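Engineer:
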Amino acid sequence: MRFFEYESREIVKREGIPVTDFGFVTSADEAREVAERIGGPTVIKSQVLTGGRMKAGGVQFADTPEEAAKHAEDILKLEINGHMPRGVLVDPKAAVKQEYYAGVVWDGIRKKPVMLFSDMGGIDIEEVAEKHPDHVGRGHLSNLMDPPEFRAKEVIAQTGVTGRQLQRLTPILAQLARVFVKYDMTLAEINPLVELEDGTFVALDAHMDMENEARPRQKAILKDLGVGDEETREAREATPFEIAGEEVDAMDHRGVAGNVTEFDGNLGLVIGAGGGSLTLFDAVRKYGGEPANYCEIGGNPSVAKACGLAKLVLSKPGVDKIAVMMSIVSNTRVDIVARGVIKACLELGFDPAEKIAIFRIPGAWEDEGYKILEKYGVEYCDRSVSMHEAAKRAVEKIQGVAA
Amino acid sequence: MNTVAENLFIDVKVDAAVAADPAVAKKLVEACPVDIFAAKDDGTLDIVTKNLDECVLCNLCVDAAPAGTVDVIKLYE
Numbered sequence: 001m002r003f004f005e006y007e008s009r010e011i012v013k014r015e016g017i018p019v020t021d022f023g024f025v026t027s028a029d030e031a032r033e034v035a036e037r038i039g040g041p042t043v044i045k046s047q048v049l050t051g052g053r054m055k056a057g058g059v060q061f062a063d064t065p066e067e068a069a070k071h072a073e074d075i076l077k078l079e080i081n082g083h084m085p086r087g088v089l090v091d092p093k094a095a096v097k098q099e100y101y102a103g104v105v106w107d108g109i110r111k112k113p114v115m116l117f118s119d120m121g122g123i124d125i126e127e128v129a130e131k132h133p134d135h136v137g138r139g140h141l142s143n144l145m146d147p148p149e150f151r152a153k154e155v156i157a158q159t160g161v162t163g164r165q166l167q168r169l170t171p172i173l174a175q176l177a178r179v180f181v182k183y184d185m186t187l188a189e190i191n192p193l194v195e196l197e198d199g200t201f202v203a204l205d206a207h208m209d210m211e212n213e214a215r216p217r218q219k220a221i222l223k224d225l226g227v228g229d230e231e232t233r234e235a236r237e238a239t240p241f242e243i244a245g246e247e248v249d250a251m252d253h254r255g256v257a258g259n260v261t262e263f264d265g266n267l268g269l270v271i272g273a274g275g276g277s278l279t280l281f282d283a284v285r286k287y288g289g290e291p292a293n294y295c296e297i298g299g300n301p302s303v304a305k306a307c308g309l310a311k312l313v314l315s316k317p318g319v320d321k322i323a324v325m326m327s328i329v330s331n332t333r334v335d336i337v338a339r340g341v342i343k344a345c346l347e348l349g350f351d352p353a354e355k356i357a358i359f360r361i362p363g364a365w366e367d368e369g370y371k372i373l374e375k376y377g378v379e380y381c382d383r384s385v386s387m388h389e390a391a392k393r394a395v396e397k398i399q400g401v402a403a
Numbered sequence: 001m002n003t004v005a006e007n008l009f010i011d012v013k014v015d016a017a018v019a020a021d022p023a024v025a026k027k028l029v030e031a032c033p034v035d036i037f038a039a040k041d042d043g044t045l046d047i048v049t050k051n052l053d054e055c056v057l058c059n060l061c062v063d064a065a066p067a068g069t070v071d072v073i074k075l076y077e
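First to last, the sequence lines map onto chains L and U. The opening position of the first sequence corresponds to residue 1 in our numbering, with each subsequent residue numbered one higher. The opening position of the second sequence corresponds to residue 1 in our numbering, with each subsequent residue numbered one higher.
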C-alpha cells in the first residue's frame, strides 16, 4: 500500500530524518496559514497517489501567503491522471546546494532489501541508473539485523561522495534502511535528499510503499497517520477482471479462489497453495511464458468457486490455455479443483484436454482427482514432477500453440 | 455459455420409499455438508441437482439412511 507524500514525510520526520517545516492542508485558508507560519517563499504540492505532478501543474511556487492560498485553491481542484488530490502540502522553498537520492527497495531476486544512493537526485533513479550508472551506489542488507552504518557509507561512497557530505549522509541512509525494516516497507525513498546552502541536509520529498500484508502489524502507525482500513492504497485501481475475481472469491466462505491480478499474456493461471502461486508465476516467466493473470486458489474452495475462477481466467481475451498448478503438496482436495476447472471448460464450450495445458496439484484425494482428469483426457502430473518442470511443460505447450 | 449437465461428476440415488419418508428426509438434509438434500413442503426429499458436484464423498448421507437406500455415484468411474 502506498503512502501520500505528506504521510511519508511524517514517517521520516518521526524517525529522526530531518525534513523541512511542511504542512498538510485541505483548504486554501489553511494553506495561507501555513505559508504565513513559514514566513517566506513556499512550494504548494498536490497530494495524489500518482506521478507526473509537476508536468500536470500540481506543483506551484508562491512568494506570498496569498499566492500560496490561490495555488492551493487551484491545485485542490486539479485532477491528475484520474486522481483528485487528498490535499496539498505547503513546503518552504528550500535554498538547495546539491540534490541526492536515497532509497531502500525490496530486491525480489535476492530476497533482501537493497540500499540505493545517487549524487544525482531530483530525477527518476531509473533514469540515472540507465544513463549514469556510475552515479548509483547499491548495497544489500539484512531485514533481520539492524542495518550497520558502514554499509550505508559504502553505498554512498560508491558514487564518489567523500568528506563532510559522506559523514552527514551516512546516518540518513542508514536510518532510512531502519525505517524500511521497521515499517515493513517495499519501498522507502527520499528524492530529493538535499544539502541546503547553509550546509544542512533535509528530505524534500519522500515516497513509501508498505507491504499490504503488514497492515495488521502496522496498525499503530496507520492509525497515527489516519489511514483507514477501507483504504486499499493499491498502486492502481482494480480492473474489471480483478473485481470479478473478488466476486468469485466472495461467493461462499469455503477456501480461496481469487486475489486475481491481471496481466496481458496468453497463459491463464489457476495457481496457489502456501506461496506456491508466487513460485509458479515466477517459474512460468522463467521459461518464457507470458501469464495472463496471477491468482490464488487453495484452502478447499467449493467446486463452484474453483469453476468460477477458472471460467473467469478462461474468458479473458487472449488466453489460449490455462495451467492449473499448486505447491509441493497441497491440502486442497485435488478432485474438487479438478471438477471445478473441467466444469469451467465444458460450460464455456472448450475441450478440457485442449484447454488445460497442465494440471499439477499433488495432495489430498489425488487418486480421485486423477480419475476425473483421465476421463476428460487432461494432462496431469504428480509430486514427482517439480513445480518448475510443470511450469516449463505448460509454457512449451502454449508456445506450440503460438507457433 | 454451453449447456452442460448441472452434475457432471456426482449423482445420488435414493430409494423411493426413503425419499417419501419425512423423517429420513430430515436426517439427510441435516447430514449433508454441501446441501445436496432439501425437504419439499410436504416433508419429502428433494435432491438439489446444482449442488451434486459439490459432494465431498463423506458418505454421511449413506450412514444417515437405512442401509443400501442411498447410493452416491461417481460419474467419472
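Beta carbons: idealized from backbone N, C-alpha and C, even for Gly. The structure presented is a predicted model; accordingly, all values stated were derived computationally and were not measured.
#1: I'd like the ranges of any alpha helix (DSSP H) spanning at least 4 consecutive residues and lying wholly in the region 193–240 of chain L.
#2: Can you pull the chain L neighbours of residue 60(U), defined as C-beta to C-beta under 7 Å?
#3: Quick check: the region 16–32 of chain U against the region 44–55 of chain U, are at least 3 beta-carbon pairs closer than 8 Å?
#4: Determine the DSSP secondary structure at residue 109(L), reduced to helix, strand or coil.
#5: Give the interface partners of residue 372(L) over in chain U, defined as CB-CB distance under 7 Å, in chain order.
#6: From residue 44(L) to residue 144(L), what does the alpha carbon distance come to, in whole angstroms?
#7: If you check the beta carbons only, do residue 140(L) and residue 114(L) fall under 8 Å apart?
#8: Would residue 118(L) be called buried (16 or more neighbouring beta carbons within 10 Å of its own) or exposed?
#9: Excluding sequence positions up to five away, which residues of its chain have a Cβ less than 7 Å from the Cβ of residue 76(U)?
#10: Would DSSP call residue 295(L) helix, strand or coil?
#11: Interface residues of chain L around residue 4(U) at Cβ under 8 Å?
#12: Which residue wins for smallest C-alpha separation from residue 362(L), given the options 185(L), 149(L), 334(L), 307(L)?
#13: Looking at the secondary structure, which residues open and close the beta strand (DSSP E) in which residue 92(L) lies?
#14: Enumerate in chain order the residues of its own chain whose CB-to-CB distance from residue 95(L) is below 8 Å, with the five nearest sequence positions on each side excluded.
#15: Exposed or buried, which one is residue 407(L) when buried takes at least 16 other CB atoms within 10 Å?
#16: Looking only at its own chain, which residues have a Cβ that is under 7 Å from the Cβ of residue 88(L), when we skip the five neighbours before and after it?
#17: What alpha helix (DSSP H) runs, 4 residues minimum, are completely inside the region 347–399 of chain L?
#18: Any beta carbon of chain L sitting closer than 8 Å to that of residue 53(U)?
#19: Just the Cα atoms here: how many angstroms apart are residue 378(L) and residue 187(L)?
#20: Using a Cβ-Cβ cutoff of 9 Å, what residues of the region 296–309 of chain L are near chain U? List them in chain order.
#21: With which residues is residue 42(L) paired in a DSSP beta bridge?
#22: Who does residue 330(L) pair with in a DSSP beta bridge?
#23: Excluding five sequence neighbours on each side, which residues of the same chain lie with their C-beta closer than 7 Å to the C-beta of residue 49(U)?
#24: Considering only the beta carbon of each residue, do residue 224(L) and residue 185(L) sit closer than 8 Å?
#25: Nearest to residue 339(L) by CA position, among 315(L), 233(L), 307(L), is which residue?
#26: Find the nearest neighbour of residue 51(L) within the set 381(L), 240(L), 268(L), 81(L), judged by alpha-carbon distance.
#27: Measure from the C-beta of residue 14(L) to each C-beta in chain U and report whether the shortest distance is under 8 Å.
#28: List the endpoints of the continuous beta strand (DSSP E) containing residue 5(U).
#29: Is DSSP giving residue 22(L) helix, strand or coil here?
#30: Within the 8 Å Cβ cut-off, does residue 316(L) reach chain U?
#31: Can you round the beta-carbon distance between residue 304(L) and residue 251(L) to whole angstroms, since I take them to be within the 8 Å contact cut?
#32: By a C-beta neighbour count over all protein chains shown, 10 Å radius and 16 as the cutoff for buried, is residue 92(L) buried or exposed?
#33: If I'm right that residue 265(L) touches residue 298(L) with Cβ under 8 Å, what's the distance once you round it to whole angstroms?
#34: Give the C-beta separation of residue 192(L) and residue 121(L) to the nearest angstrom, bearing in mind that I take them to be a contact with Cβ-Cβ under 8 Å.
#35: Given that residue 233(L) touches chain U, what residues does it touch there, using C-beta distances under 7 Å?
Structural biologist: To lay it out plainly:
#1: 219–225
#2: Neighbours of residue 60(U) on chain L: none; closest Cβ ~16 Å, over 7 Å.
#3: yes
#4: coil
#5: 9, 76
#6: 38 Å
#7: yes
#8: buried
#9: 9
#10: strand
#11: 343, 346, 347
#12: 334(L)
#13: 88–92
#14: 196, 197, 198
#15: With chain L represented from 1 up to 403, any question about residue 407(L) goes unanswered, as that position is not in the structure.
#16: 25, 31, 44, 45, 46, 47, 72, 75, 76
#17: 352–355, 366–375
#18: yes
#19: 42 Å
#20: 300, 302, 303, 304, 307
#21: 62(L), 92(L)
#22: 363(L)
#23: 6, 7
#24: no
#25: 307(L)
#26: 81(L)
#27: no
#28: Element bounds for residue 5(U): n/a, residue is neither H nor E.
#29: coil
#30: no
#31: 7 Å
#32: buried
#33: Rounded, the Cβ-Cβ distance is 22 Å, inconsistent with contact.
#34: 4 Å
#35: In chain order: nothing, as chain U lies at least about 36 Å away.
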